[in-house]
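J.: First the structure, then my questions, so here it is.
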Amino acid sequence: PLLADAEMLGAPDPELAATMGFSGFGKKARTFDLEAMFEQTRRTAVERSRKVLEAREKEMEEQAEKEFRSPCRDSSASASSAAGAGPVLTRREETCSESEDSSDEELTGASRQSQASAQGPAEDTDDEDDEFIGPPLPPGFKDSDDDNDNDDTEEEENNPVKKIPDSHEITLQHGTKTVSALGLDPSGARLITGGYDYDVKFWDFAGMDASLQAFRSLQPCECHQIKSLQYSSTGDVILVVSGNSQAKVLDRDGFPVMECIKGDQYIVDMTNTKGHTAMLNSGCWHPKIKEEFLTCSNDGTVRTWDVNNEKKHKSVFKPRSAQGKRVIPTTCTYSRDGKLIAAGCQDGSIQIWDRNMSVHTKFHCRQAHAPGTDTSCLTFSYDGTVLASRGGDDTLKTWDIRQFKTPLKSAERLPSFFPMTDCCFSPDDKILVTGTSVKKGGGSGKLFFFYRETFEKLYEIEVTDASVVRCLWHPKLNQIMVGTGNGLAKVYYDPVKSQRGAKLCVVKTKRKERQAETLTQDYIITPHALPMFREPRQRSTRKQLEKDRLDPMKSHKPEPPVAGPGRGGRVGTHGGTLSSYIVKNIALDKTDDSNPREAILRHAKEAEENPYWVAPAYAKTQPKTVFAEVEPEDDETDKPEWKKRKI
1 PLLADAEMLG
11 APDPELAATM
21 GFSGFGKKAR
31 TFDLEAMFEQ
41 TRRTAVERSR
51 KVLEAREKEM
61 EEQAEKEFRS
71 PCRDSSASAS
81 SAAGAGPVLT
91 RREETCSESE
101 DSSDEELTGA
111 SRQSQASAQG
121 PAEDTDDEDD
131 EFIGPPLPPG
141 FKDSDDDNDN
151 DDTEEEENNP
161 VKKIPDSHEI
171 TLQHGTKTVS
181 ALGLDPSGAR
191 LITGGYDYDV
201 KFWDFAGMDA
211 SLQAFRSLQP
221 CECHQIKSLQ
231 YSSTGDVILV
241 VSGNSQAKVL
251 DRDGFPVMEC
261 IKGDQYIVDM
271 TNTKGHTAML
281 NSGCWHPKIK
291 EEFLTCSNDG
301 TVRTWDVNNE
311 KKHKSVFKPR
321 SAQGKRVIPT
331 TCTYSRDGKL
341 IAAGCQDGSI
351 QIWDRNMSVH
361 TKFHCRQAHA
371 PGTDTSCLTF
381 SYDGTVLASR
391 GGDDTLKTWD
401 IRQFKTPLKS
411 AERLPSFFPM
421 TDCCFSPDDK
431 ILVTGTSVKK
441 GGGSGKLFFF
451 YRETFEKLYE
461 IEVTDASVVR
471 CLWHPKLNQI
481 MVGTGNGLAK
491 VYYDPVKSQR
501 GAKLCVVKTK
511 RKERQAETLT
521 QDYIITPHAL
531 PMFREPRQRS
541 TRKQLEKDRL
551 DPMKSHKPEP
561 PVAGPGRGGR
571 VGTHGGTLSS
581 YIVKNIALDK
591 TDDSNPREAI
601 LRHAKEAEEN
611 PYWVAPAYAK
621 TQPKTVFAEV
631 EPEDDETDKP
641 EWKKRKI
């Protein structure tokens with residue numbers, strides 16, 4: 001029986017195969033030797049690379065022979081070419097032998113290239129000879145394109161104005177009120193704008209077309225003006241600072257993540273409160289720690305927060321005046337490494353603390369700007385050595401915090417009417433940018449570019465006929481975003497110098513609005529309604545449109561106005577018959593030139609003689625009329641004086 005079983009396993013039974021439903025039943029499974037397959041593949045690759053090399057060598061030999069046999073060259077030229085071709089041929093033979101050796105050493109085509117790049121200069125020149133056809137270039141020759149590129153880079157370095165990407169612009173319509181906040185995520189894919197109209201709008205450059213419409217609009221802080229918007233260092237959450245005392249954190253799509261707690265306004269010492277008790281002024285994220293952010297408020301404190309703990313702040317910094325009194329911080333920021341916290345205050349001072357030591361300031365300048373003005377912006381340069389401040393006293397200054405008594409450079413007569421007018425550094429850290437404010441009808445708001453070292457005014461852009469409030473120069477996109485006082489957000493870019501951003505949406509054509517979406521009615525969601533009153537959920541607009549087309553009421557086309565004498569039982573208004581002419585005149589002639597009083601009184605006699613409407617209704621219930629008896633008038637001469645008077 002064992003032999004029989006072995007025979008059955010060795011030879012497949014056709015009846016059993018037919019019963020099981022597939023022909024391969026009972027056959028032995030095929031085994032694969034991976035090592036053998038790899039070896040076969042390697043040998044095939046080596047053989048193929050050897051054939052390619054041999055074909056290339058043959059082509060080069062044939063070309064050399066043609067050069068030798070050309071009759072048009074003179075003897076000296078042919079001799080020189082022959083002398084030059086000799087070592088070339090010997091080099092070819094050497095490379096051929098090297099290639100054979102390399103093939104014997106089991107090298108594939110891809111590894112051959114890496115080995116050729118790792119060899120000495122002789123082999124590199126051979127590869128260049130393989131690719132280049134013609135006489136060798138002189139040693140001092142350079143490609144003209146490279147020269148042009150070098151000249152352009154030298155011109156840009158010598159003239160920083162050429163680095164400013166302002167050749168093109170797009171305008172995003174945020175609303176009608178001031179755009180007081182701008183934010184770009186680190187990758188430059190999304191822009192957020194906030195304004196005095198309480199709205200925060202989201203713009204996606206990759207998803208927008210030429211119509212430039214925001215894909216989301218919301219009011220995260222109800223009826224409070226937006227003061228500041230900023231993406232975190234990773235770009236996954238957004239800090240929203242508004243006119244209330246509680247900062248909010250949203251995710252990329254605008255859904256709330258956390259809201260800071262409100263402090264107890266009846267506690268005098270602000271250190272003992274868990275949050276701000278007055279209106280916020282500004283806020284920003286930590287550049288290194290993605291969960292930490294900073295806010296400053298009219299309660300006279302600067303507080304750091306953790307996204308994961310909304311119940312209490314992390315630390316409190318209290319700016320003080322020279323007399324030790326409380327001072328309101330109007331702007332705050334981190335240094336580039338995140339170790340320092342700077343605040344600009346209403347007394348004109350700039351105070352800087354170590355992030356881990358909140359009691360005493362590490363650096364401070366008391367007379368940085370005019371007292372009583374709002375310092376609207378502080379920002380550190382990318383190298384971290386210079387601090388720029390935009391004051392409410394119409395100045396822009398740069399500081400070295402190690403020598404904080406006097407500014408490095410200063411620019412004046414830059415009007416600012418907004419408490420969030422800001423300034424920013426260019427990506428190469430050589431240019432400082434800020435905007436100016438104008439009164440209504442007082443000219444154009446401008447964007448000024450200053451050279452950082454000398455504070456020479458390099459360039460200016462007339463943005464619009466309103467104030468320039470916010471400006472942002474993104475280092476990755478190399479594009480400048482500007483927020484204005486009339487509800488616009490402008491993006492300046494250069495097609496050559498800029499990357500992505502506005503370039504993505506400009507090239508897209510406007511999408512055609514689908515007719516199906518406009519014809520279908522809005523679906524009303526009633527989650528708690530009884531099933532018999534609940535509307536069926538719309539599956540798709542196309543199916544709904546097909547249903548509406550079958551409905552004779554919804555798909556009824558309005559009848560056009562009748563032209564001519566009329567048809568189908570409808571009278572033509574402009575017919576040619578006498579009856580239509582009379583009908584038209586009767587409909588048009590509605591003028592009544594009679595006196596309205598006479599028009600009413602002409603029915604009075606008929607109503608008195610033949611009462612029909614009012615009198616019969618009161619026939620049974622109307623009381624009898626009783627009139628006062630009037631004595632006949634006597635001669636007025638007999639009456640006393642007081643009776644003659646009319647009262």
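Heads up: the sequence shown is residues 1 to 647, going by UniProt numbering.
Idealized CB from N, CA, C, for every residue including glycine.
Taking the alpha-carbon of residue 316 as reference, which of 559, 601, 304 has the nearest alpha-carbon?
T.: 304
J.: Per DSSP, residue 493 forms a beta bridge with which residues?
T.: 168
J.: What first and last residue would you give for the beta strand (DSSP E) that runs through residue 328?
T.: Counting along the chain, residue 328 falls outside any beta strand (DSSP E), and DSSP gives it neither H nor E.
J.: Spatial neighbours of residue 187 within its chain, please: CB distance less than 8 Å, with the 5 preceding and 5 following residues excluded, ordered by chain position.
T.: 235, 476
J.: So does the stretch 283-300 actually touch the stretch 431-442, counting three or more Cβ pairs closer than 8 Å?
T.: Because the criterion of three Cβ pairs below 8 Å is not met, the stretch 283-300 and the stretch 431-442 do not touch.
J.: Going by DSSP, what residue range makes up the alpha helix (DSSP H) through residue 621?
T.: For residue 621, there is no enclosing alpha helix (DSSP H), as DSSP marks it with neither H nor E.
J.: Just to confirm, is the Cβ distance from residue 376 to residue 333 under 8 Å?
T.: no
J.: In the structure shown, what three-state DSSP assignment does residue 132 receive?
T.: Its pLDDT being 49, under 50, residue 132 is placed unreliably by the model, and the measurement read from it follows with that caveat. It is coil, neither helix nor strand.
J.: Hey, could you find the ends of the beta strand (DSSP E) residue 651 is sitting in?
T.: The structure shown does not extend to residue 651, since the chain is modelled only from 1 to 647, so the question has no answer here.
J.: For residue 67 and residue 58, what's the separation of their Cα atoms in angstroms?
T.: 14 Å
J.: Can you tell me which of the three DSSP states residue 582 falls into?
T.: helix
J.: Grouping DSSP H, G and I as helix and E and B as strand, with all else coil, what is residue 458?
T.: DSSP places residue 458 in strand when its eight states are reduced to three.
J.: Straight-line CA distance for residue 84 to residue 45?
T.: Confidence at residue 84 is low in this model, with a pLDDT of 41, below 50, so its placement is unreliable and the value that follows should be read with caution. So the alpha carbons of these two residues sit roughly 34 Å apart.
J.: Going by DSSP, name the residue or residues bridged to residue 357.
T.: 354
J.: Measuring straight from C-alpha to C-alpha, what distance separates residue 430 and residue 38?
T.: 57 Å
J.: Taking only beta-carbon atoms, is residue 178 less than 8 Å away from chain D?
T.: In the displayed structure, chain D is absent; only one protein chain is listed.
J.: Under 8 Å, do residue 182 and residue 212 count as touching if we go by C-beta distance?
T.: no
J.: Taking residue 629 as part of the alpha helix (DSSP H), name the residues at either end of that continuous run.
T.: Per DSSP, residue 629 belongs to no alpha helix (DSSP H) and is neither H nor E.
J.: Determine which residues share a DSSP beta bridge with residue 185 and list them.
T.: None, per the DSSP bridge assignment.
J.: Let me know if residue 176 comes out buried or exposed under the rule of 16 or more other beta-carbons within 10 Å of its beta-carbon.
T.: In summary, residue 176 is exposed, with fewer than 16 beta-carbon neighbours lying within 10 Å of its beta-carbon over all protein chains present.
J.: Quick check on DSSP: helix, strand or coil for residue 397?
T.: strand
J.: Do residue 485 and residue 470 have their beta-carbon atoms positioned less than 8 Å apart in this structure?
T.: no
J.: Say whether the stretch 204-219 touches the stretch 232-247, bearing in mind that this needs 3 or more beta-carbon pairs closer than 8 Å, one atom from each stretch.
T.: no
J.: For residue 418, which three-state DSSP category applies?
T.: coil
J.: What does DSSP give as the partner residues of residue 364 in its beta bridges?
T.: For residue 364, which the question treats as bridged, DSSP gives the partners 351.
J.: For residue 264, which residues from the same chain have a beta carbon less than 6 Å from its beta carbon, with the 5 sequence-adjacent residues on both sides left out?
T.: So the list reads 273, once near-sequence residues are dropped.
J.: Spatial neighbours of residue 319 within its chain, please: CB distance less than 6 Å, with the 5 preceding and 5 following residues excluded, ordered by chain position.
T.: Result list for residue 319: 327, 329, 343, 345, 351, in chain order.
J.: Buried or exposed for residue 599, please, with buried defined as at least 16 other CB atoms from any protein chain shown within 10 angstroms of its CB.
T.: So residue 599 counts as exposed.
J.: Can you give me the Cβ contacts of residue 285 inside the same chain, cut-off strictly under 7 Å, excluding the 5 residues immediately before and after it?
T.: 230, 232, 233, 239, 293
J.: Which residues in the same chain as residue 366 place their Cβ atom closer than 7 Å to its Cβ, once the five residues preceding and following it in sequence are excluded?
T.: 322, 349
J.: Beta carbon of residue 396, beta carbon of residue 414: below 8 Å?
T.: yes
J.: Who are the Cβ neighbours of residue 267 in its own chain at under 7 Å, not counting the five residues just before and after it?
T.: 273
J.: May I ask which residues mark the beginning and end of the alpha helix (DSSP H) holding residue 597?
T.: Taken as a continuous stretch (DSSP letters only), the alpha helix (DSSP H) holding residue 597 covers 596-601.
J.: Between which two residues does the beta strand (DSSP E) containing residue 240 stretch?
T.: 237-242
J.: What did DSSP end up calling residue 316 once you bin it into helix, strand or coil?
T.: strand
J.: Rounded C-beta distance between residue 295 and residue 237? I'm assuming under 8 Å.
T.: No, residue 295 and residue 237 are not in contact; Cβ-Cβ is about 15 Å, not under 8 Å.
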